[in-house]
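Read left to right, the sequence shown gives residues 292 to 582 (this note's numbering). Don't be surprised by glycine CBs; every beta carbon is placed ideally from N, CA and C.
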Amino acid sequence: MVREQYTTTTPGTSLERPKNEYVYKIGIYGWRKRCLYLFVLLLLIILVVNFSLTIWILKVMWFSPTGMGHLRVTKEGLRLEGESEFLFPLYAKEIHSRVDSSLLLQSTHNVTVNARNSNGEVTGRLNVGPKMVEFHGQQFQINSKDGKPLFTVDENEVVIGTDKLRVTGPEGALFEHSVETPLVKAEAFKQLRLESPTRSLSMDAPRGINIKAQAGNIEALSQMDIKLHSSDGVLLLDAETVRLPKLPEGTRGGSGISQGLYEICVCPDGKLYLSVAGVGSTCQEYSRVCQ
């Protein structure tokens, strides 16, 4: 901007016009202008680089209006496609796989599933390790497809709800305490053996015990005595022939000498009783024992 001074003169008087005293320049010049252009250029480069990185991140992470990468946001929740890795705990109400594939939970150490109450306390825990599967809870139950309980475990008992329990071990099943069951049956063409190596074997039933071998023999072996006792009823031996092959036989002696031997007598109704052995048979058809 140039400031000029004007002087009033009378006609006929000539005065020299004064020279410009001050000149002011408006704007940025010199090295300041070059620094400003360089700074604007640097900001433009940073803007382009940030925009390119944003586009690259969106492309690499597979961002879309429905989700990110293998993660899809649907009306029913979140859907993951392919394999996914979680570095921190996962909280979900329900986890299920697709209809045409199975659900796989894999870990280099343990896979632990916890159930918590409203206070945050763990009420149930399932821990799958490399050597053992552990469950902590009040009750563990396995159901069939139709909801029928197949296996139930709690603090008091273990319930197996299947129609048939099959033990395929070569040495059978070992029970340290009592067993309650309506039927014990071996597989076809195999023997059934009930054994107590160091203790006694007892079978109790309120309405009777039925032992049946349709294609073989029934053997009862004991180191000591075998007792068949019926508290209120009859002990019935129903067979064509009843043999006692190892009963001791007495020798012929004088009259009145029994040698401590007895004779087994049978009443007409099938009742058995002992009679002191003699030279001949001492069994009487109408003995007082049979009446």
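Residue environment, residue i, which counts as buried when at least 16 other CB atoms sit within 10 Å
i, result
"alanine 406", "exposed"
"alanine 477", "exposed"
"alanine 568", "buried"
"tyrosine 297", "Its pLDDT being 48, under 50, tyrosine 297 is placed unreliably in this model, and the coordinates cannot settle the point."
Three-way DSSP call (helix, strand, coil) for residue i in this model
i, result
"tyrosine 564", "strand"
"isoleucine 433", "strand"
"proline 488", "coil"
"isoleucine 502", "coil"
"histidine 361", "coil"
"valine 424", "strand"
"serine 355", "strand"
"arginine 585", "Residue 585 falls outside the range modelled here, since the chain spans only 292 to 582, and no answer is possible."
"arginine 294", "Interpretation of arginine 294 is limited by its pLDDT of 47, a score under 50 that renders its predicted location unreliable; the figure taken from the coordinates is listed afterwards. Here arginine 294 sits in coil by DSSP."
Assumed close pair residue i, residue j - CB separation to whole angstroms, cut-off 8 Å
i, j, result
"asparagine 434", "leucine 441", "6 Å"
"lysine 439", "glycine 452", "6 Å"
"tyrosine 553", "leucine 565", "4 Å"
"leucine 327", "isoleucine 319", "6 Å"
"histidine 387", "serine 375", "With a Cβ gap of about 14 Å, histidine 387 and serine 375 do not count as contacting."
"threonine 443", "glutamine 429", "11 Å between Cβ atoms; not a contact."
Terminal residues of the beta strand (DSSP E) in which residue i lies
i, result
"isoleucine 450", "The sequence shown places valine at residue 450, not isoleucine. It spans 449 to 451 - the beta strand (DSSP E) in which valine 450 sits, taken as one unbroken run."
"threonine 414", "413 to 419"
"aspartate 445", "440 to 445"
"arginine 407", "402 to 407"
"cysteine 556", "553 to 557"
First and last residue of the uninterrupted alpha helix (DSSP H) at residue i
i, result
"cysteine 285", "Within the shown structure, residues of the chain are numbered from 292 to 582, placing residue 285 beyond reach of any answer."
Cβ neighbours of residue i in the same chain (closer than 6 Å, five flanking residues each side left out)
i, result
"alanine 464", "Val458"
"arginine 370", "Arg363"
"glutamine 426", "Checking the sequence shown, residue 426 turns out to be phenylalanine, not glutamine. Around phenylalanine 426: Leu417."
"asparagine 408", "Thr414"
"serine 343", "none"
"glutamate 295", "Since pLDDT at glutamate 295 reaches only 49, below the 50 mark, its modelled position is unreliable, and no value is offered."
"glycine 373", "His361"
"alanine 511", "Ile517"
7 Å CB neighbourhood of residue i in its chain, flanking five on each side removed
i, result
"methionine 359", "Met352, Trp353"
"valine 485", "Looking at the sequence shown, residue 485 is not valine but leucine. Cβ neighbours of leucine 485 beyond the five flanking positions: Leu492."
"valine 419", "Asn401, Val402"
"isoleucine 555", "Leu563, Leu565"
"valine 340", "none"
"valine 557", "Leu563"
"leucine 332", "none"
Own chain, CB closer than 8 Å to residue i, minus 5 neighbours either side, in chain order
i, result
"glutamate 471", "none"
"isoleucine 254", "Given a span of 292 to 582 for the chain in the structure shown, any question on residue 254 remains unanswerable."
"isoleucine 500", "Met494"
"leucine 519", "Leu526"
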